[in-house]
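Participant:
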Amino acid sequence: MPNTDFYQTVFQNFLLFLVLVNPISKISVCFSLGSGMDSKTLRNTAARSTIFGLLVLIIFALAGTFILRTLFQIDVNSLRLAGGAVLFIIGLHALQRGEFFEVDSNRELSDLSMVPLGMPLIAGPATITAAISRTAVYGPLTITLAMTLALLVNMLIMMSAMSLGRFLERWHLLGPLVRITGLFVASIGADMAISGIIARLKC
77 MPNTDFYQTV FQNFLLFLVL VNPISKISVC FSLGSGMDSK TLRNTAARST
127 IFGLLVLIIF ALAGTFILRT LFQIDVNSLR LAGGAVLFII GLHALQRGEF
177 FEVDSNRELS DLSMVPLGMP LIAGPATITA AISRTAVYGP LTITLAMTLA
227 LLVNMLIMMS AMSLGRFLER WHLLGPLVRI TGLFVASIGA DMAISGIIAR
277 LKC
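According to our numbering, the residues represented by the sequence shown are 77 to 279, in order.
(1) Below 8 Å between beta carbons: does that hold for A137 and A207?
(2) Leaving aside the five residues before and after A262 along the sequence, list all residues of the same chain whose C-beta is less than 6 Å from its C-beta, in chain order.
(3) Kindly indicate which residue of Q149, R246, L147, D267 has the alpha-carbon position closest to the one of A202.
(4) With A237 and F93 assumed to form a contact (beta carbons below 8 Å), what rounded beta-carbon distance in angstroms separates them?
(5) Helix, strand or coil for L138 per DSSP?
(6) On a CA-only basis, which of S271, V162, N79 is nearest L197? Give me that one, please.
(7) Let's test the definition: count the other Cβ atoms within 10 Å of the Cβ of P99 and tell me whether it reaches 16, buried, or not, exposed.
(8) Pop quiz: L171 and R255 are said to be a contact at Cβ under 8 Å. What is the actual Cβ separation, rounded to whole angstroms?
(9) Taking contact to mean at least 3 C-beta pairs separated by less than 8 Å, is the segment 127-147 in contact with the segment 205-223?
(10) Taking the alpha-carbon positions, what's the A275 to G160 distance?
(11) Does P304 come out as helix, strand or coil in the three-state DSSP assignment?
(12) Keeping to the same chain, check which residues put their C-beta closer than 7 Å to that of M235; ignore five residues upstream and five downstream.
(13) Please return the same chain residues whose Cβ sits closer than 7 Å to the Cβ of E175, not counting the five positions on each side in sequence.
In structure tokens:
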């Protein structure tokens, strides 16, 4: 039977992946593009993008180290540096612009379930980097469980994006919430990049 430390580790990694997956950005995207969409289509879009993103993350969690080192000869710490830098830029963009991503208003949300919602908005550089590096430390069971829980929460938020978006817009909270989340995202990105540099220098 798993001990208390196991559940604590799962919870800590769940929180990390939840921030990296960034449900707030999905509210913004779905609210911008989902106008006029019925709730069933929104639920299906959220489910498809979540399943696709989770499959990508699990593949990289289980085989990412092999893919990096054997196929591309890339050190995992270099990936942490690159992924952290990308995440920092995304967070900085949110702080400055009040939005994580620019979306094409002419496209239907249902057309975006795999790309870009599933990848890279769910399974992006930062989450893939975290999946690979954290699996090496905590093992595949812990990280797969943490990722699954984080993506389930993200999916539920995506399914409620229209009502949440309307509420946040009514009280003028969506922009400030995006900027606050952007600060956390940029901070995690900076930490990942610095950790990658330190670990690489020690090699």
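Think of the CB as a built atom: it goes at the ideal place given N, C-alpha and C, for glycine as much as any other residue.
Facilitator: According to the data block:
(1) A contact, by the Cβ cut-off of 8 Å.
(2) Residues F164, G167, L168 of the same chain have their beta carbon placed closer than 6 Å to that of A262, with the five preceding and five following residues left out of the count.
(3) The residue with the shortest Cα to Cα distance from A202 is D267.
(4) At roughly 19 Å, the Cβ-Cβ gap does not stay under 8 Å, so A237 and F93 are not in contact.
(5) If DSSP states are grouped into helix, strand and coil, L138 belongs with the helices.
(6) Looking at the Cα atoms, V162 is the closest of the given residues.
(7) Counting other Cβ atoms within 10 Å of its Cβ, P99 reaches 16 or more and is therefore classed as buried.
(8) Contact check for L171 and R255: beta-carbon distance about 5 Å, within the 8 Å limit, so the pair qualifies.
(9) These segments touch.
(10) Rounded to the nearest angstrom, the two C-alpha atoms are 13 Å apart.
(11) Residue 304 cannot be examined here, being either before or after the span of the chain that is shown, 77 to 279.
(12) Closer than 7 Å at Cβ, skipping near neighbours: L118, R119, A122.
(13) Leaving aside the five residues that flank E175 on each side, the residues in its chain whose CB is nearer than 7 Å to its CB run, in chain order, S104, V254.
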